[in-house]
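Protein chains: 2
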Amino acid sequence: MTDSPRTLLQPTAAAAIGLVDDALSADQLVTLVGRCRVVYEGRATSTLGPGDRLVVRKPDGTMLVHTDEGHQPVNWQPPGSSCDCRLADSGVVLESKHENPSEELIIRFETITHAATFDPNDPNELALSGTESDLRDQILESPSLVEPGFEPRATERKTSAGAIDIYGEDTDGRAVVLELKRRRAGPDAVSQLNRYVDALTRERHADATVRGILVAPSVTDRAHRLLAERGLGFVSLSPTE
Amino acid sequence: MTDSPRTLLQPTAAAAIGLVDDALSADQLVTLVGRCRVVYEGRATSTLGPGDRLVVRKPDGTMLVHTDEGHQPVNWQPPGSSCDCRLADSGVVLESKHENPSEELIIRFETITHAATFDPNDPNELALSGTESDLRDQILESPSLVEPGFEPRATERKTSAGAIDIYGEDTDGRAVVLELKRRRAGPDAVSQLNRYVDALTRERHADATVRGILVAPSVTDRAHRLLAERGLGFVSLSPTE
DNA sequence: CGTGCCAGGTGCCAT
DNA sequence: ATGGCACTTGGCACG
Chain A
1140 MTDSPRTLLQ PTAAAAIGLV DDALSADQLV TLVGRCRVVY EGRATSTLGP GDRLVVRKPD
1200 GTMLVHTDEG HQPVNWQPPG SSCDCRLADS GVVLESKHEN PSEELIIRFE TITHAATFDP
1260 NDPNELALSG TESDLRDQIL ESPSLVEPGF EPRATERKTS AGAIDIYGED TDGRAVVLEL
1320 KRRRAGPDAV SQLNRYVDAL TRERHADATV RGILVAPSVT DRAHRLLAER GLGFVSLSPT
1380 E
Chain B
1140 MTDSPRTLLQ PTAAAAIGLV DDALSADQLV TLVGRCRVVY EGRATSTLGP GDRLVVRKPD
1200 GTMLVHTDEG HQPVNWQPPG SSCDCRLADS GVVLESKHEN PSEELIIRFE TITHAATFDP
1260 NDPNELALSG TESDLRDQIL ESPSLVEPGF EPRATERKTS AGAIDIYGED TDGRAVVLEL
1320 KRRRAGPDAV SQLNRYVDAL TRERHADATV RGILVAPSVT DRAHRLLAER GLGFVSLSPT
1380 E
């Protein structure tokens, strides 16, 4: 039971509202192009003066306001948001509300250039590779990539400071904590590793040394210094060649 | 010198390519809706099987592929990417390339439901409030919000571990490091504060204690424990009331 | 340019 | 629901 795609060029406000209302009740995706102002209030607050933008409303409640620049929408509303479309001051107004967190987005159109709807059918999932999870699998497959004789014992091993990416032992039987990063690592990655090493050291009463190794394609200078200060190691590995 | 907005419903491949090519040379924004497959290769690699999606190309080179769900595009290309539109296997193919980092996105359409272009005029900037910068201004305005007698001395004070949000002194003349977060803070915020306190302690040789205070609306349990372990403080403050 | 860090980050999965 | 963290994170400001 799919509805036909529709498109309107320079529609009247009434026609645009009709289109949007139909699309909302039919769980269609809507795109609107036109001159609008935007007000947001929620986790933060924002206002955006008049300009030509692309507005997208998805059937899952997502709303996006895109300007002519940049990857990110200038304003948006998360999935699960409601949408109300009405006439105000002879213009189309979209009002989207979300609860928990409480957020409200109001888009006031002066002009609508295009309005279009369609019924998306998208059964396929994205297959992504080159992630941290792939790097983890590589290491579990060939532990010697980390160092000769390294033996993984667990992944996601829990500590009081969080879960260790890979926990294992070296040839001398010492505990080894690996923190993995799919790309060049900075100070935050070193701190993360440091937290896990501290926590594990505390858990295994003091004396037995716990080694920590950051595994990433590379590290920044600052991160390198931090590693040295904390007595932590580094191994260069990339998720895919 | 603005071009008119155009829209096509169920265009032929040739018509769609004509529209896109015109839009590319006129620096217009393009939206395409239709059934497509997507392949990405760059910092990572991905494939996406056939489905109905919304594709947006912006004049700054940004490309977005949106499915029917979620705030984020399923695939994209950053600003500054090229775009080539051609016919292949009797379908429209968009090929976008980016250099540094090297990334390539290929979108193969089976069907095109809508194609539309317009010339965006968007002179206004977003005015956002409730940011960390607002929280900083509040504290500089009323330092006693942190604690009675607190005196800010500098913002963005440089240390070997990075820049301190607010550096100051307490009533006893002790150095105080503030790390600000606009929302509930987790372990990473504590580690960040800890890095700055360590660095500053090192710089001011040793004995003089350096205090560290995390300023945020709230902290998680784990973060609270970490603060205690490290002898760091916490003050509850929100960027806007 | 690279480094570091904020973001209305988002999304995923765990408890 | 909250927490902890990865993400093709994106974006900005600064050296």
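For the record, the sequence lines run as chains A and B.
The numbering of the first sequence is my numbering, which starts it at 1140 and goes up by one.
The numbering of the second sequence is my numbering, which starts it at 1140 and goes up by one.
From the three backbone atoms N, C-alpha and C, an ideal C-beta is built for every residue, glycine too.
query, result
"Neighbour list for E1297 of chain A in chain B, Cβ cutoff strictly below 9 angstroms", "It should be pointed out that residue 1297 of chain A corresponds to Lys in this sequence rather than to Glu. In chain order: nothing, as chain B lies at least about 12 angstroms away."
"Same chain, Cβ closer than 7 angstroms to A1154 of chain A, neighbours up to 5 away in sequence not counted", "L1147"
"G1209 of chain A to P1259 of chain B span [Cα, whole Å]", "13 angstroms"
"Residue of B:A1355, B:D1360, B:L1371 and B:L1163 minimising C-alpha distance to G1269 of chain B", "B:A1355"
"DSSP-derived helix/strand/coil call for L1371 of chain B", "coil"
"Residues, ordered as in the chain, of the region 1239-1252 of chain A that lie near chain B by beta-carbon distance below 8 angstroms", "T1252"
"Cutoff 8 angstroms: T1170 of chain A Cβ touching any chain B Cβ", "yes"
"Beta carbon proximity, F1257 of chain B to chain A, threshold 8 angstroms", "yes"
"Three or more C-beta pairs below 8 angstroms linking the region 1152-1172 of chain B and the region 1368-1379 of chain A", "no"
"Which of helix, strand or coil DSSP assigns to V1159 of chain B", "helix"
"DSSP-derived helix/strand/coil call for Q1331 of chain A", "helix"
"E1238 of chain A in three-state terms, based on DSSP", "coil"
"Exposure of M1140 of chain A, with buried meaning 16 or more beta-carbon neighbours within 10 Å", "Caution is warranted here: a pLDDT of 48 is assigned to M1140 of chain A, below 50, making its placement in the model unreliable, and the coordinate value is therefore given only provisionally. The residue is exposed, with fewer than 16 neighbouring Cβ atoms inside 10 Å."
"Residues of its chain near T1348 of chain A, where Cβ-Cβ distance is below 7 angstroms and the 5 sequence neighbours each way are ignored", "R1313"
"Touching by the beta-carbon criterion (3+ pairs, under 8 angstroms), the region 1297-1308 of chain A and the region 1252-1266 of chain A", "no"
"Below-8 angstroms beta-carbon distance, M1140 of chain A vs any chain B residue", "Here M1140 of chain A scores only 48 on pLDDT, less than 50, and its place in the model is too uncertain to base an answer on."
"Sequence-distant residues of the same chain with beta carbon closer than 8 angstroms to S1241 of chain A, five excluded per side", "G1181"
"Proximal chain A residues relative to T1270 of chain B, where beta-carbon distance stays under 9 angstroms", "A1183"
"3-residue-minimum beta strand (DSSP E) runs that sit fully inside the region 1192-1245 of chain A, ordered along the chain", "1202-1205, 1214-1216, 1223-1227 and 1230-1237"
"Proximal chain A residues relative to L1148 of chain B, where beta-carbon distance stays under 9 angstroms", "P1144, R1145, T1146 and A1255"
"Against chain B: residues of the region 1188-1199 of chain A by CB proximity under 8 angstroms", "G1188, P1189, G1190, D1191, R1192, L1193, V1195, K1197, P1198 and D1199"
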